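>
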Amino acid sequence: MTGDNHGPDPAGLIPGHAGVAGRRVVITGAGRGLGSVLAAAFDAAGARLALVARSKPALEDVASRLSGDHLVCAGDVRDELFNDTVAEQMTERFGGVDVWIANAGVSREDPDITRMSAAAWREVIDTNLTGTFLGARAAAARMGAGGRIIVTGSVLGDRPHGRLAAYSASKGGVHALVRSLAQELGPREITANAVALGWFETGLGSFWQRDEQREQDIARHTALGRWGTDADLPGVYLFLASPAAAYITGTTITVDGGYSLL
Ligand SMILES: NC(=O)c1ccc[n+]([C@@H]2O[C@H](COP(=O)([O-])OP(=O)(O)OC[C@H]3O[C@@H](n4cnc5c(N)ncnc54)[C@H](OP(=O)(O)O)[C@@H]3O)[C@@H](O)[C@H]2O)c1
């Protein structure tokens, strides 16, 4: 199975998606994989975007397929100054930030825990958890009422796997982080939510599909009997960024085809 990176037409996914037209949206991890699908969907919905990842050529490739106004911001989400710079560039160009989608993430299959290095642990935690905190901090400092922080979590955050200790801990961490942010930022009418994804064909998921047996086992373990595709992704993010989700905060919405049920 292969996913395509061009994203679905969001108009077909949620009626009223126009609620994000004109919104100023930062998407981290937008250079490939799921973040590039989100970029295409928010662009099609009329949002103004900042695309964030370390690889500038990858971001420019994604940007070349967008029709709306956007910025390319190449840098590392682990760098606190970089996160502030992205927010400042959004403010200079568009006058502010409405939505921050903390989606950049890395995953590795760990060795046996007794052989796992602190450096490998830190790389995952620093990117997935600390990078999310730094982005949320930069966003919260500039957002007004109606601001949205949306974090890409994982079903592994609540249902960890062996040999994925750092990744599972980082995603459990972001699920907790949005609950804390929601309480702190609620009085300012800023919401914070996570999306716990199951197994998607695109991005990191494609690594796990290289093993055909594992690919089939995961599909069998999923209530809907298949992996997630690009079309399954953007609806929940567009919804959380829209006025329809104004009263939803501090929660993790699972998008996993029923993987967590079994
Ligand atoms: N695909 C799945 O099945 C699945 C399932 C559950 C959760 N997720 C989550 O979905 C998110 C996106 O993953 P993906 O599957 O799309 O992976 P991907 O294809 O590897 O894309 C990851 C993106 O994050 C960027 N990135 C990584 N480290 C970064 C850093 N330090 N600073 C800035 N950008 C960085 C990468 O670009 P550069 O390398 O150029 O920086 C790339 O654009 C992640 O949070 C992942 O944990 C994915």
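Yeah, the sequence shown ends on 262 if you go by UniProt numbering, and it's all consecutive.
Cβ coordinates follow ideal geometry from the N, Cα and C atoms, glycine included.
Given the structure is predicted, the values throughout are model-derived calculations rather than measurements.
1. Can you give the Cα-Cα distance for glycine 22 and alanine 219, rounded to whole angstroms?
2. In three-state DSSP terms, what is histidine 70?
3. Can you look up glycine 186 in the DSSP assignment and give me helix, strand or coil?
4. For ligand 1, any of its heavy atoms closer than 8 Å to the Cβ of valine 236?
5. Counting pairs of Cβ atoms below 8 Å between the region 169-184 and the region 118-132, do you hit three or more?
6. Identify every residue that forms a DSSP beta bridge with glycine 257.
7. Just how far apart, CA to CA, sit isoleucine 149 and leucine 185?
8. Does the Cβ-Cβ distance between valine 174 and threonine 152 come in under 9 Å?
9. On the DSSP bridge assignment, give the partners of asparagine 193 in chain order.
10. Just curious, the alpha helix (DSSP H) that alanine 145 is in, first and last residue?
11. Sort His70, Leu81, Gly19 by Cα distance to aspartate 43 and report the nearest one.
12. Quick check: the Cα distance between threonine 222 and leucine 34, rounded to an integer number of angstroms?
13. If we ignore side chains and look at the alpha-carbon of each, how far apart do alanine 41 and proline 234 end up?
14. Return the Cβ separation of threonine 28 and alanine 87 in integer angstroms, given the expectation that the two are a contact with Cβ distance under 8 Å.
15. With respect to the alpha helix (DSSP H) encompassing isoleucine 101, which residues constitute its N-terminal and C-terminal limits?
16. Cβ of alanine 104 within 8 Å of any heavy atom in ligand 3?
17. Going straight from the alpha carbon of alanine 231 to that of alanine 53, what length do you get?
18. Distance, Cα to Cα, alanine 45 vs valine 62?
19. Nearest to valine 99 by CA position, among Asp112, Ser117, Phe239, is which residue?
20. Quick check on isoleucine 125: does DSSP put it in helix, strand or coil?
In short:
1. Straight across, the Cα-Cα distance linking glycine 22 with alanine 219 is about 38 Å.
2. If DSSP states are grouped into helix, strand and coil, histidine 70 belongs with the strands.
3. Of the three classes helix, strand and coil, the one that applies to glycine 186 here is helix, per DSSP.
4. Placement of the Cβ of valine 236 at a distance of 8 Å or more from every heavy atom of ligand 1 is found.
5. With the cut-off at 8 Å, the region 169-184 and the region 118-132 touch.
6. Partner(s): none; glycine 257 has no beta bridge.
7. If you take the alpha carbons of isoleucine 149 and leucine 185, they lie about 10 Å apart.
8. Judged by beta-carbon spacing, threonine 152 lies within the 9 Å limit of valine 174, meaning their Cβ atoms are closer than that value.
9. Within the DSSP secondary-structure output, asparagine 193 pairs in a beta bridge with Ile150.
10. Note, alanine 145: premise wrong, no alpha helix (DSSP H); not H, not E.
11. Ranked by Cα distance from aspartate 43, the options His70, Leu81, Gly19 are led by His70.
12. CA-CA distance, threonine 222 to leucine 34, rounds to 20 Å.
13. Going by the C-alpha atoms only, they are around 6 Å apart.
14. The C-beta distance from threonine 28 to alanine 87 rounds to 12 Å, too long to fall under 8 Å, and the pair is not in contact.
15. No alpha helix (DSSP H) contains isoleucine 101, which is instead part of the beta strand (DSSP E) from 99-102.
16. Ligands present in the displayed structure are limited to ligand 1, and ligand 3 is not among them.
17. Cα to Cα, alanine 231 sits roughly 22 Å from alanine 53.
18. Going from the Cα of alanine 45 to the Cα of valine 62 covers about 16 Å.
19. Of Asp112, Ser117, Phe239, the residue nearest in Cα terms is Phe239.
20. Helix.
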